[in-house]
Amino acid sequence: MSLPNLQDYVRSLRGEDWQPFRPGVTAHWFYREPDGGGAAVLLRYEPGARVAVHEHVGYEHMLVIEGDEYDERGSYPAGSFVINPPGTKHSPGSVGGCVALLIYEKAVRFVDAD
Numbered sequence: 001m002s003l004p005n006l007q008d009y010v011r012s013l014r015g016e017d018w019q020p021f022r023p024g025v026t027a028h029w030f031y032r033e034p035d036g037g038g039a040a041v042l043l044r045y046e047p048g049a050r051v052a053v054h055e056h057v058g059y060e061h062m063l064v065i066e067g068d069e070y071d072e073r074g075s076y077p078a079g080s081f082v083i084n085p086p087g088t089k090h091s092p093g094s095v096g097g098c099v100a101l102l103i104y105e106k107a108v109r110f111v112d113a114d
C-alpha cells in the first residue's frame with residue numbers, strides 16, 4: 001500500500017469506512033495481525049473523547065494527522081510524532097477531536113475497563 005498524501009486519504013474516508021473502537025473513538029484499520037500482533041490504524045477521536053488507560057506491550061508510533069491529542073505526558077498538535085516504548089502506560093484523549101495514525105508492534109493491554 002502506498003498513500004502519496006495521508007491527509008487527502010483521511011478526508012476521503014466515509015462513515016462506513018470507520019469501525020467503533022472505544023466510546024467516542026472510531027478506527028480505520030490498514031492491517032491487524034491476529035493474536036495480539038502488529039497493526040496499523042487511523043483513530044478518529046470525537047471532541048472530548050478519551051481512551052482508557054492501557055499499557056504498551058511493544059512499541060507504538062503515533063502521528064497526529066489533524067486536530068490535537070494529549071495524554072499524561074503532554075499535548076500533541078497536528079504533525080506531532082510520538083513513540084511510546086514497551087512498558088509505558090497512558091490514557092490518550094482529544095480536546096477538539098483528532099485523527100492519528102498509530103502503528104503497533106504488538107496489541108496494547110487495557111488496564112482499566114471502559
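In this text, residue positions in the sequence shown follow the UniProt record's numbering: the first is 1, and each later residue adds one. Beta carbons: idealized from backbone N, C-alpha and C, even for Gly. Please read all numbers here as calculations on a predicted model, not as lab measurements.
Go to residue 8, then tell me how far its alpha helix (DSSP H) extends in each direction, as first and last residue.
6 to 12
Under 7 Å Cβ to Cβ from residue 26, same chain only, skipping five residues before and after it: list those, please.
18, 19, 20 and 44
Selected residue, minimal CA-CA separation from residue 65, among 105, 33, 100 and 111:
100
CB contact flag (residue 38, residue 106, <8 Å):
yes
Own chain, CB closer than 6 Å to residue 62, minus 5 neighbours either side, in chain order
82, 100 and 102
Report buried or exposed for residue 5, applying the criterion of at least 16 other Cβ atoms within 10 angstroms of its Cβ.
Counting of Cβ neighbours within 10 angstroms places residue 5 among the exposed residues, the total staying below 16.
Would you kindly check if the distance between the Cβ of residue 86 and the Cβ of residue 51 is under 8 Å?
no
Report the rounded CA-to-CA distance for residue 15 versus residue 22, giving the unit in angstroms.
16 Å
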